[in-house]
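K.L.:
Chains A and B are the protein sequences, given in the same order. Numbered continuously in the numbering used here, the first sequence closes out at residue 793. Numbered continuously in the numbering used here, the second sequence closes out at residue 793.
There are 2 protein chains.
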Amino acid sequence: MEVIDILKKYSTIVDEEIDKSLNTVDPEKLQKASEHLIKAGGKKIRPALVILTCQAVGGNVEEALKTAAAVELIHTFSLIHDDIMDEDNMRRGKPSVHVLWGEPMAILAGDTLFSKAFETILETRIDGVSYERVVGTLKTVVDSCTKICEGQAFDMCFEGNFDVAEEEYMQMIYMKTGALIAAATKSGAIVGGGSPEQVEALAEYGRLIGLAFQIQDDYLDVVSDEQDIGKPVGSDVVEGKMTLMVVNALSKASPEDKTELISILNAKSDTNVARAIELFEKYDSINYTHNISLQNVERAKKLLDVVDDSPAKEALLKMADFMLERNH
Amino acid sequence: MEVIDILKKYSTIVDEEIDKSLNTVDPEKLQKASEHLIKAGGKKIRPALVILTCQAVGGNVEEALKTAAAVELIHTFSLIHDDIMDEDNMRRGKPSVHVLWGEPMAILAGDTLFSKAFETILETRIDGVSYERVVGTLKTVVDSCTKICEGQAFDMCFEGNFDVAEEEYMQMIYMKTGALIAAATKSGAIVGGGSPEQVEALAEYGRLIGLAFQIQDDYLDVVSDEQDIGKPVGSDVVEGKMTLMVVNALSKASPEDKTELISILNAKSDTNVARAIELFEKYDSINYTHNISLQNVERAKKLLDVVDDSPAKEALLKMADFMLERNH
């Protein structure tokens, strides 16, 4: 089965579970604001990873379903609040929640999803053994929530400051993007009853593919055709966004090139995109970035040795490769 | 021991526990924004209630401490987000978090406290028995978080609309204020190992004193001297705030008086405060409101029969009366 079909298959049952969580929200305005972004689409990669890792360690879909829904609720909460903070007015081709309902209701919608995520995990049918698993799942998900907040704060603090070490940059994108994906794969392994070794390996698998996903997204922005990625090539440069390519090029560049690249990024205009890409090429930062995402995916796949062969393992191998593809 | 001394006594140990939860938050700017309101004061009524209810069912302070800290973290999270939504620029005599750090960092600070609250509960030392108690505590606290969001949304939806039934109004203030106080007393009873009967009675005790607290606050706004409450008499009328007094008067008033009262509230000016109070008196709404808070406190105290006599029970009886006092 292709990744896109796996995602579709689980998307339907996860959506049903999310509906169950949100259909009691009152008043109606808060409910609509909370549901909007989930109903606007999204590929539901994170819940699919919860279900697949649960199955890969011998668990079944039912055990993973509430956690899968919860992880998507957390993801959506963070998107709604990020859009307010970053003043992004469109998401998934639709106006953002704060554009449609105003900032106060959008803040509340995010808070509600955050709360409902934990409520949903806590609704997991509990027997003696499962108490421990539910607490383990909650710890994993809560820990990633704190990291998401910290990562967003680091991102905001870094803004306009290009004097950031690669290690700091990688830590920031891990917190912003990797941590929740790692929480998805780790909590899937926990609810499925994986051994401590399996839980750790699958957490690391999630961390690595999460980083690859983010890094590859920045790489594709520079090397793709406009029609492939649905936005102009080099749009990150136009936005002055810090990416691994930028951090890497700045760390190697001559003082003149460094000054030029920073001034191109600060200008936030499309006139010097080609020159910025030339500088990335000069310092081999495009290849460097691409290699890091490739390596992360290969290391992630290797970690799957910790589980026996199964359709779920096959799917997880494909999911890792999927992170490198266009059009996410 | 007087209530104010009980609060002081527990405030110190709760502050230490909160410090432990927040001192790892990174970057520093996020940490400062998250800590600001907690360090700005507040009487820590909710954590004291967690500790006292835990002790009242035979538990000890140590068992309750993390949950006590968590409840205060949730309370602070909701104040920070509410201040953004309501555009309140001062809180506890200091500029609000969004005034000092900007809205994006204030949203994140609230989210971080929300996350840290659950992290803190999950750090409760766990043995076989406690897994069940930790999950019970989490359910109680999460449920109140959803209610806080819903209550704030109802409050926003009610704004400018005075056609609200008393039942709807009471439900809204229960969600906004009562639910977290009920979660404090319920979770204290759970972590302390109370019987199901004790847990339910103490939850109801919390709900009743929480409602009394909110209703009495609105009552005192009208009947106090300016120097007693530290703000002009009738300031709720000037703000056009919906209170139980308003809801009650409107439900009984003649069409003419109803129109007049609504126009006074919508004017948001201090010229007709005396006339509004005259109308509250005409329909006996001031006494009505006062009686409801008195009744709630008496019913709450009666519910404490469910626990044996102890210093903690004495303190809980005093805490109920404390809700009726000025200068909170």
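Note that the Cβ used here is the ideal one computed from N, Cα and C, for glycine as well.
Going along chain A in order, which residues have a C-beta closer than 8 Å to the C-beta of B/P492?
P.N.:
In the second sequence, the residue the question calls residue 492 of chain B occupies position 27. Neighbours of B/P492 on chain A, chain order: E615, A618, F619, C622.
K.L.:
Closest to B/T708 by CA distance: which of B/E615, B/E721, B/F623, B/E779 is it?
P.N.:
Position 243 of the second sequence, counted from the start, is the residue given in the question as residue 708 of chain B. It is B/F623.
K.L.:
Could you check the C-alpha separation between A/L502 and A/D576 for me, to the nearest Å?
P.N.:
The count along the first sequence starts at 1 and reaches residue 502 of chain A at position 37. The count along the first sequence starts at 1 and reaches residue 576 of chain A at position 111. Approximately 14 Å between the Cα atoms of the pair.
K.L.:
How about A/P569: is its C-beta nearer than 9 Å to some C-beta of chain E?
P.N.:
The structure shown contains no chain E; the protein chains it does contain are A and B.
K.L.:
Hey, is B/K531's beta-carbon within less than 9 Å of any beta-carbon in chain A?
P.N.:
What you label residue 531 of chain B is simply residue 66 of the second sequence in a count that begins at 1. So no, B/K531 is outside the interface.
K.L.:
Between the segment 737-749 of chain B and the segment 710-722 of chain B, do three or more beta carbon pairs fall short of 8 Å?
P.N.:
With the cut-off at 8 Å, the segment 737-749 of chain B and the segment 710-722 of chain B touch.
K.L.:
Per DSSP, which residues does B/M555 bridge with? Please list them.
P.N.:
Position 90 of the second sequence, counted from the start, is the residue given in the question as residue 555 of chain B. B/M555 is bridged to B/P560.
K.L.:
Pick from A/Y596, A/S716, A/L565: whose alpha carbon is nearest that of A/A505?
P.N.:
Position 40 of the first sequence holds residue 505 of chain A. Looking at the Cα atoms, A/L565 is the closest of the given residues.
K.L.:
Beta-carbon within less than 7 Å of B/S499's beta-carbon, same chain only, minus the 5 sequence neighbours each way: which residues are those?
P.N.:
For the purposes of this step, residue 499 of chain B is taken as residue 34 along the second sequence, with counting starting at 1. Within the same chain, B/S499 has close Cβ partners L487, V490, A574, T577, L578.
K.L.:
Considering A/F745, what are the terminal residues of the alpha helix (DSSP H) in which it resides?
P.N.:
Within the first sequence, numbered from 1, the residue matching residue 745 of chain A stands at position 280. 738-747 is the extent of the alpha helix (DSSP H) around A/F745.
K.L.:
Taking DSSP as the reference, what is the three-state secondary structure of A/R764?
P.N.:
Taking the first residue of the first sequence as position 1, residue 764 of chain A is located at position 299. Helix at A/R764.
K.L.:
Just checking: is the beta-carbon of B/T736 within a distance shorter than 9 Å of some beta-carbon in chain A?
P.N.:
Here residue 736 of chain B refers to the residue found at position 271 when the second sequence is read from its first residue. So, not an interface residue.
K.L.:
Reducing DSSP to helix, strand and coil, say where B/P492 ends up.
P.N.:
Counting from 1 along the second sequence, the entry for residue 492 of chain B is found at position 27. Coil at B/P492, not helix or strand.
K.L.:
Within 9 Å (strictly less), CB to CB, does B/K581 reach chain A?
P.N.:
The residue labelled residue 581 of chain B in the question sits at position 116 within the second sequence. Output row for B/K581: interface = yes.
K.L.:
When we look at the beta-carbon of B/P697 and count the other beta-carbons within 10 Å, is it buried (16 or more) or exposed?
P.N.:
By one-based count along the second sequence, residue 697 of chain B stands at place 232. Exposed, since its Cβ has fewer than 16 Cβ neighbours within 10 Å.
K.L.:
Anyone know if the C-beta pair for A/R511 and A/E537 falls short of 9 Å?
P.N.:
Translated into positions along the first sequence, residue 511 of chain A becomes position 46. Translated into positions along the first sequence, residue 537 of chain A becomes position 72. Result yes, Cβ atoms of A/R511 and A/E537 sit closer than 9 Å.
K.L.:
Starting from the beta carbon of A/Y596, find every residue of chain B whose beta carbon is closer than 8 Å, and list them in chain order.
P.N.:
In the first sequence, counting from the first residue as 1, residue 596 of chain A sits at position 131. Ordered by position in chain B, the residues that pass the 8 Å Cβ test against A/Y596 are Y596, E597, V600.
K.L.:
Once you ignore the five residues that flank B/S750 on each side, which residues in its own chain have a CB closer than 7 Å to its CB?
P.N.:
For the purposes of this step, residue 750 of chain B is taken as residue 285 along the second sequence, with counting starting at 1. Hits under 7 Å: M710, N713, A714.
K.L.:
Keeping to the same chain, check which residues put their C-beta closer than 7 Å to that of B/K717; ignore five residues upstream and five downstream.
P.N.:
Here residue 717 of chain B corresponds to residue number 252 of the second sequence, with the count starting at 1. Excluding residues within five positions, the ones whose Cβ falls inside 7 Å are Y748.
K.L.:
Counting only beta-carbon separations shorter than 9 Å, does A/L544 have a partner in chain B?
P.N.:
One-based indexing of the first sequence puts residue 544 of chain A at position 79. So no, A/L544 is outside the interface.
K.L.:
Please report the straight-line C-alpha distance between B/P614 and A/H755, rounded to a whole angstrom.
P.N.:
Looking up residue 614 of chain B in the second sequence gives position 149. Looking up residue 755 of chain A in the first sequence gives position 290. Looking at the sequence provided, one finds Cys at residue 614 of chain B rather than Pro. If I take the Cα positions, the gap works out to 43 Å.
K.L.:
Who are the near neighbours of A/F678 in its chain, counting only those whose CB is closer than 6 Å to its CB and skipping five residues on each side?
P.N.:
Here residue 678 of chain A refers to the residue found at position 213 when the first sequence is read from its first residue. Here the set comprises M788.
K.L.:
Please go through the same chain and pick out, in chain order, the residues whose beta-carbon is closer than 6 Å to the beta-carbon of B/V702, but skip the five residues on each side of it.
P.N.:
Mapped onto the second sequence, residue 702 of chain B falls at position 237. Here the set comprises V738, A741.
K.L.:
Measure from the C-beta of A/D628 to each C-beta in chain B and report whether the shortest distance is under 9 Å.
P.N.:
As a first step, residue 628 of chain A is located in the first sequence; it is residue number 163 there, counting from the start. Taking Cβ atoms only, chain B never reaches closer than 9 Å to A/D628, which makes this a no.
K.L.:
Could you tell me which of A/S758, A/E597, A/A513, A/E779 sits nearest to A/D683, measuring between CA atoms?
P.N.:
Mapped onto the first sequence, residue 683 of chain A falls at position 218. Checking every option, the nearest Cα to that of A/D683 belongs to A/S758.
K.L.:
So, with DSSP's three-state summary, where would you put A/E790?
P.N.:
Along the first sequence, one-based indexing puts residue 790 of chain A at 325. DSSP places A/E790 in coil when its eight states are reduced to three.
K.L.:
Use the C-beta contact count for A/K733: other C-beta atoms within 10 angstroms, 16 or more gives buried, fewer gives exposed.
P.N.:
Mapped onto the first sequence, residue 733 of chain A falls at position 268. By the neighbour-count rule (16 or more Cβ atoms within 10 Å), A/K733 is not buried but exposed.
K.L.:
Can you tell me which of the three DSSP states A/F619 falls into?
P.N.:
Stepping through the first sequence from its first residue, residue 619 of chain A is reached at position 154. Of the three classes helix, strand and coil, the one that applies to A/F619 here is helix, per DSSP.
K.L.:
Residue range of the alpha helix (DSSP H) that A/G523 falls in?
P.N.:
Within the first sequence, numbered from 1, the residue matching residue 523 of chain A stands at position 58. It is not in any alpha helix (DSSP H) - A/G523 carries neither H nor E in the DSSP assignment.
K.L.:
Taking the Cβ atom as the reference point for each residue, do A/Q636 and A/V522 lie within a distance shorter than 9 Å?
P.N.:
Taking the first sequence and counting its residues from 1, the one referred to as residue 636 of chain A is at position 171. Taking the first sequence and counting its residues from 1, the one referred to as residue 522 of chain A is at position 57. Not closer than 9 Å, so no.
K.L.:
Which runs of the beta strand (DSSP E) spanning at least 3 residues fall entirely within the segment 699-741 of chain B, listed in chain order?
P.N.:
Those beta strand (DSSP E) runs which fall completely within the segment 699-741 of chain B and span 3+ residues do not exist here.
K.L.:
Given a cut-off of 9 Å on the beta-carbon distance, is the pair B/T589 and B/T605 in contact?
P.N.:
Translated into the one-based positions of the second sequence, residue 589 of chain B becomes position 124. Translated into the one-based positions of the second sequence, residue 605 of chain B becomes position 140. No. Outside cutoff.
K.L.:
Pick helix, strand or coil for B/E624, following the three-state DSSP scheme.
P.N.:
Position 159 of the second sequence, counted from the start, is the residue given in the question as residue 624 of chain B. If DSSP states are grouped into helix, strand and coil, B/E624 belongs with coil.
K.L.:
What is the DSSP secondary structure of B/M466, reduced to helix, strand or coil?
P.N.:
Counting from one through the second sequence, the residue named residue 466 of chain B turns up at place 1. Coil at B/M466, not helix or strand.
K.L.:
Expressed to the nearest angstrom, what Euclidean distance is found between the alpha-carbon atoms of B/G507 and B/M784?
P.N.:
Looking up residue 507 of chain B in the second sequence gives position 42. Looking up residue 784 of chain B in the second sequence gives position 319. Looking at the two C-alpha atoms, the distance is approximately 16 Å.
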